[in-house]
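Student: Here it is, the structure in full.
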Amino acid sequence: MSPPANDKLRYSLQTRLFLAFGVLLILFLGLAGLVLERAYQESVEAALRERLQLQIYALVGVAEPDGAAFYLPDTQEARFSQIDSGLYGFIVDAEGRERWRSPSALNLNLSLNLAEDDGAPQIPKVGKTLYGNLSLPGQGELIWASYGTYWEVQDQQFNFIVLESSAPTAAQIREFQSNLYLWFGALALFLLVAQLLLLRWGLRPLANLAEDVSAIESGERDELQGSYPVELVPVTRNLNLLIKRERERQQRYRGMLGDLAHSLKTPLAVLSAALQELRGGANLDGRQRHDMEEQLERMDQIVSYQLKRAVEVNRSRLLAKPVAVAPLLERIMSALNKVYRDKAMQTRVEAAATVQFFGEESDLMELCGNVLDNAFKYGASRVAVSAHQEGRTLCLTVEDDGPGIAPDKRGWVLERGARADTVRSGQGIGLAVVVELVSAYGGEIRIDESPLGGARFSIRLG
Amino acid sequence: MRLLIVEDEDLLRAKLVKALEDGGYVVDSASNGKTGLYHGLEYDYDAAIIDLGLPQLDGISLIKTLRQRGRVYPILILTARDNWTDKVAGLDAGADDYVVKPFQIEEIRARLNALLRRAAGFAKPALDFGPLSLDTTARRLQVNGEAVELTAYEYKVLEYLMLHPGKVVSKSELTEHLYDQDHDRDSNVLEVFVRRLRQKLDPDESLKPIETIRGLGYRFNVSPSKR
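Chain order of the listed sequences is F and S. The first sequence stops at residue 464 when you use our numbering, and every number in between is there. The second sequence stops at residue 244 when you use our numbering, and every number in between is there.
Okay, structure coming up:
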């Protein structure tokens, strides 16, 4: 059940930090917005209540009982006199019977059935004020305050009730809300962008490190260079050390194998020369000598082949530096021209200066050396090699004007190459090494007929 | 033909020296690069065989130094490390051919022959001069298509002269290339060989192939037949 874990791993550090901080930011801003909104609403409502209370006091101050009713000659607040103004005043007795209503409330269809608890104004104790909300058809939301007073002359409690439309307040709150959310939204956006930029800046050294490592992988650089923040310095230092050690190890390994080859081959050479001296001697007949020579040659080939294989298997392309192909081909061509000077070959090398091989130089040398040696050996007068690049893949073509290889023999030639530890004496291990190298680099090799008339080897590497 | 062999493995060097001396070459040998360089600069060799893995001075540096100091004789490299990096490095440094260890003595002989021949400008195994044809592989002389027997020393003298046609070769140069250092060098013996060669090459004295330049030496005067 590892897929979920893999999914988690897929998020980059930047994404993780961005998501985590982003969620935190939105939560924080959202909560802060709610708290602010509530506080504002409460303060607005408190102010409204205070205003209603003041209106009531004003009414109480001017109220004059007139028999069963009340008479309020001057309400001071103009809105009480203006019909449907949104501010309404009532005076009711303790039983809820209406004793006065402000002119503004003449159209108001309000039955002050104070007993029923449907949001309608209640009757408080004397000296107390009650508040509430009420919804009336045609009037919308109303907020009311009800204040109980005791009139000594009548020896009776009267309640002063003031209702005011809460629409302006609601509008005020809504405006505050929309302002609040607009600003908080802008703030959130700004903070998110800033966070993204900060993360980029903060994680830049990591991205640089990744770039440097890939530059080493592609061989553009030898080691991690540039200055890194202190937290990364131990990592880069150790990486550099590791790369250096690995390069040295590979070099030592090659050197060791070379020494091993040298120390095995020289005794073989001595044995072989000693055998020559016995030629014609009576101690050994021709058949015996032939057997010994053959065995010596086989030993030699096995040593060569296995040593080459050992080098090939121990290959790390990761740390290889790119090799310029054209000069290498020219060097091999001029070397082979010396060796096969009698043939006076016309040679042609077609490779742009930019063509590179991503791998070990010695491997490319081995591969080209063997294939070109073959071409010089079998070619009559012309050998051509061309190289081009497709991405990181190196494409080599080597052709000659020799007798070529018959189509039905081509597979066999490569197959024999692939099983070189079984070759009979007298056959070189050159092609075996080529086939081995090509497969070590995950490449392919094909043989067909060259326009020059001979064999054409097409090799793709990497 | 005077050869220099530089090889650090004593047994192998001894066997090479013996095989090549048996083949009629005069052979000097050295067991390390420094001695090899001393010999290579001091004496005028016809060819050198140099192992790549040498103590004190490696084969590549030895070859480079010899070439830098103007020594142009052909060089055959021996290498135990059968890889192209080493071969190309050796050939790049100035060697002319390579043989991979272990090898058959015949192969060394054949490569040497070819190198000596090429150094003299001959592309084929036979040195052809008009009616004269010297097969350097089989070591046989033909005059007008008929085989002529030569002694070992007669062959050596003729081969050396034929490989330096048109050039005045002093008696001391000839002896140096035909004899060991400790050999008794009597120039009268050389004159005897040359006289006998003249009789075998040119019985009716019509060709006059070997000219005596008084006080200087000999000159082979027949133009080589081009292919």
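We put the CB at the ideal spot given by N, CA and C, even for glycine.
Going by DSSP, what residue range makes up the beta strand (DSSP E) through F:Pro67?
Tutor: For the purposes of this step, residue 67 of chain F is taken as residue 65 along the first sequence, with counting starting at 1. Run containing F:Pro67: 66 to 68, per the beta strand (DSSP E) assignment.
Student: Can you tell me which of S:Leu29, S:Ile122, S:Pro226 puts its alpha carbon nearest to the alpha carbon of S:Val160?
Tutor: Sequence index remark: in the second sequence, residue 160 of chain S carries index 143 (1-based). The option with the nearest alpha carbon to S:Val160 is S:Pro226.
Student: Strictly under 7 angstroms for the Cβ-Cβ distance: is F:Gln197 near chain S by that measure?
Tutor: Looking up residue 197 of chain F in the first sequence gives position 195. F:Gln197 does not count as touching chain S.
Student: If you follow the beta strand (DSSP E) that S:Ser150 is in, where does it begin and where does it stop?
Tutor: Locating residue 150 of chain S in the second sequence gives position 133, where the first residue counts as 1. Note, S:Ser150: beta strand (DSSP E), 149 to 152.
Student: My understanding is that F:Phe378 touches F:Val387, with C-beta atoms under 8 angstroms, so please give their C-beta distance in whole angstroms.
Tutor: In the first sequence, residue 378 of chain F corresponds to position 376, counting from 1. In the first sequence, residue 387 of chain F corresponds to position 385, counting from 1. Not a contact, Cβ separation roughly 11 angstroms.
Student: Measure the C-alpha to C-alpha separation of F:Gly257 and F:His264 and round it to an integer number of angstroms.
Tutor: Indexing the first sequence from 1 puts residue 257 of chain F at position 255. Indexing the first sequence from 1 puts residue 264 of chain F at position 262. Their Cα atoms are separated by approximately 10 angstroms.
Student: Does DSSP classify F:Ser171 as helix, strand or coil?
Tutor: Taking the first sequence and counting its residues from 1, one reaches residue 171 of chain F at position 169. For the sequence presented, residue 171 of chain F should be read as Thr rather than Ser. DSSP places F:Thr171 in helix when its eight states are reduced to three.
Student: Comparing C-alpha positions only, which one of S:Glu208, S:Lys184, S:Leu178, S:Gly183 sits nearest to S:His194?
Tutor: As a first step, residue 194 of chain S is located in the second sequence; it is residue number 177 there, counting from the start. Of S:Glu208, S:Lys184, S:Leu178, S:Gly183, the residue nearest in Cα terms is S:Leu178.
Student: Determine whether the beta carbon atoms of S:Glu26 and F:Thr268 lie at a separation below 7 angstroms.
Tutor: To locate residue 26 of chain S, count along the second sequence from 1; it is residue 9. To locate residue 268 of chain F, count along the first sequence from 1; it is residue 266. Cβ distance < 7 angstroms, so S:Glu26 and F:Thr268 count as in contact.
Student: Compute the Euclidean distance between the alpha carbons of F:Leu463 and F:Ala212, then round it to the nearest angstrom.
Tutor: One-based indexing of the first sequence puts residue 463 of chain F at position 461. One-based indexing of the first sequence puts residue 212 of chain F at position 210. Computed Cα separation, rounded: 26 angstroms.
Student: Taking F:Tyr152 and F:Asn161 to be in contact with their CB atoms under 8 angstroms, please state how far apart those CB atoms are, rounded to whole angstroms.
Tutor: For the purposes of this step, residue 152 of chain F is taken as the residue at position 150 of the first sequence. For the purposes of this step, residue 161 of chain F is taken as the residue at position 159 of the first sequence. Rounded, the Cβ-Cβ distance is 10 angstroms, inconsistent with contact.
Student: Of all the CB atoms in chain F, is at least one closer than 7 angstroms to the CB of S:Leu218?
Tutor: On the second sequence, residue 218 of chain S is found 201 positions in, with the first residue counted as 1. No, because no Cβ of chain F sits closer than 7 angstroms to the Cβ of S:Leu218.
Student: Counting only beta-carbon separations shorter than 7 angstroms, does F:Thr356 have a partner in chain S?
Tutor: For this step, residue 356 of chain F is matched to residue 354 along the first sequence. By this cut-off, F:Thr356 is not an interface position.
Student: Along chain S, which residues have their Cβ under 8 angstroms away from the Cβ of F:Met367?
Tutor: Counting from 1 along the first sequence, the entry for residue 367 of chain F is found at position 365. Correct list: Asn100, Trp101, Thr102, Val105.
Student: What whole-angstrom Cβ distance do S:Ala64 and S:Leu133 have, given they're in contact under 8 angstroms?
Tutor: Along the second sequence, one-based indexing puts residue 64 of chain S at 47. Along the second sequence, one-based indexing puts residue 133 of chain S at 116. The Cβ separation is near 6 angstroms, so the contact holds.
Student: Secondary structure at S:Asp27, three-state DSSP: helix, strand or coil?
Tutor: Numbered from its first residue, the second sequence carries residue 27 of chain S at position 10. Of the three classes helix, strand and coil, the one that applies to S:Asp27 here is helix, per DSSP.
Student: Counting contacts by CB-CB distance shorter than 7 angstroms, is S:Glu222 in contact with chain F?
Tutor: By 1-based counting over the second sequence, the position of residue 222 of chain S is 205. By this cut-off, S:Glu222 is not an interface position.
Student: What separation, rounded to the nearest whole angstrom, lies between the Cα atoms of S:Thr153 and S:Val165?
Tutor: On the second sequence, residue 153 of chain S is found 136 positions in, with the first residue counted as 1. On the second sequence, residue 165 of chain S is found 148 positions in, with the first residue counted as 1. Computed Cα separation, rounded: 14 angstroms.
Student: Residues of chain F with CB closer than 7 angstroms to the CB of S:Gly70, please, in chain order.
Tutor: Position 53 of the second sequence, counted from the first residue, corresponds to residue 70 of chain S. The contacting residues are His264.
Student: Is there contact here, the region 78 to 94 of chain S with the region 114 to 121 of chain S, by at least three beta-carbon pairs under 8 angstroms?
Tutor: Verdict: yes, contact present.
Student: Along the region 317 to 348 of chain F, where does the CB come closer than 7 angstroms to a CB of chain S? Name the residues.
Tutor: Cβ contacts with chain S come from Arg333, Ile334, Ala337, Lys340, Val341, Arg343, Asp344.
Student: Excluding five sequence neighbours on each side, which residues of the same chain lie with their C-beta closer than 8 angstroms to the C-beta of F:Val64?
Tutor: Taking the first residue of the first sequence as position 1, residue 64 of chain F is located at position 62. Correct list, in chain order: Leu74, Pro75, Asp76, Thr77, Gln78.
Student: Would you verify that the beta carbon of F:Ile447 is, or is not, closer than 7 angstroms to some beta carbon of chain S?
Tutor: Taking the first sequence and counting its residues from 1, the one referred to as residue 447 of chain F is at position 445. F:Ile447 does not count as touching chain S.
Student: Nearest by alpha-carbon distance to F:Ala80: which of F:Ser104, F:Arg99, F:Gly98, F:Phe72 is it?
Tutor: One-based indexing of the first sequence puts residue 80 of chain F at position 78. Checking every option, the nearest Cα to that of F:Ala80 belongs to F:Ser104.
Student: Specify the secondary structure class of F:Asn483 as computed by DSSP and reduced to three states.
Tutor: Residue 483 of chain F cannot be examined here, being either before or after the span of chain F that is shown, 3 to 464.
Student: Who are the neighbours of S:Lys32 on chain F, taking C-beta pairs under 8 angstroms?
Tutor: Residue mapping note: residue 32 of chain S aligns to position 15 of the second sequence, counting from 1. Near S:Lys32 (Cβ distances below 8 angstroms), the residues of chain F are Val272, Ala275, Ala276, Gln278, Glu279.
Student: Residues of chain A with CB under 8 angstroms from S:Arg156, in chain order?
Tutor: Judged by its chain identifiers, the structure shown contains no chain A, and its protein chains are F and S.
Student: Provide the residue span of the alpha helix (DSSP H) that contains F:Ile245, from first to last.
Tutor: The residue you call residue 245 of chain F lines up with position 243 of the first sequence. Unbroken alpha helix (DSSP H) run through F:Ile245: 235 to 279.
Student: In terms of residues, what are the limits of the alpha helix (DSSP H) holding F:Val436?
Tutor: In the first sequence, the residue the question calls residue 436 of chain F occupies position 434. Start and end: 432 to 442.
Student: Just to check my reading of the structure: F:Leu194 and F:Leu27 have Cβ atoms closer than 8 angstroms, yes? What is that Cβ distance to the nearest angstrom?
Tutor: The sequence position of residue 194 of chain F within the first sequence is 192, counting from 1. The sequence position of residue 27 of chain F within the first sequence is 25, counting from 1. Indeed they touch by this definition, with Cβ atoms about 7 angstroms apart.
Student: Measure the C-alpha to C-alpha separation of F:Asp423 and S:Gly87 and round it to an integer number of angstroms.
Tutor: For this step, residue 423 of chain F is matched to residue 421 along the first sequence. For this step, residue 87 of chain S is matched to residue 70 along the second sequence. Low per-residue confidence applies at F:Asp423: pLDDT is 45, beneath 50, and the placement is therefore not dependable, though the value from the model is reported in the following sentence. Answer to the nearest angstrom: the Cα atoms are 44 angstroms apart.
Student: Who are the near neighbours of F:Gly445 in its chain, counting only those whose CB is closer than 6 angstroms to its CB and skipping five residues on each side?
Tutor: Taking the first residue of the first sequence as position 1, residue 445 of chain F is located at position 443. Contacts found: Arg462, Leu463.
Student: In whole angstroms, what is the alpha-carbon distance linking F:Leu21 and F:Leu199?
Tutor: Reading the first sequence from its first residue, position 19 is the one you call residue 21 of chain F. Reading the first sequence from its first residue, position 197 is the one you call residue 199 of chain F. Those two C-alpha atoms are separated by around 14 angstroms.
Student: Using the beta-carbon count (16 or more within 10 Å), is S:Tyr55 buried or exposed?
Tutor: As a position in the second sequence, residue 55 of chain S is number 38, starting the count at 1. Counting Cβ neighbours within 10 Å, S:Tyr55 comes out exposed, since fewer than 16 surround it.
Student: Does the distance from the CB of F:Met367 to the CB of S:Trp101 come in under 7 angstroms?
Tutor: For this step, residue 367 of chain F is matched to residue 365 along the first sequence. For this step, residue 101 of chain S is matched to residue 84 along the second sequence. In contact: F:Met367 and S:Trp101 (Cβ atoms closer than 7 angstroms).
Student: Report yes if the CB atom of F:Arg343 is closer than 7 angstroms to the CB atom of S:Arg135, and no otherwise.
Tutor: Locating residue 343 of chain F in the first sequence gives position 341, where the first residue counts as 1. Locating residue 135 of chain S in the second sequence gives position 118, where the first residue counts as 1. Yes, these two residues count as a Cβ contact at 7 angstroms.
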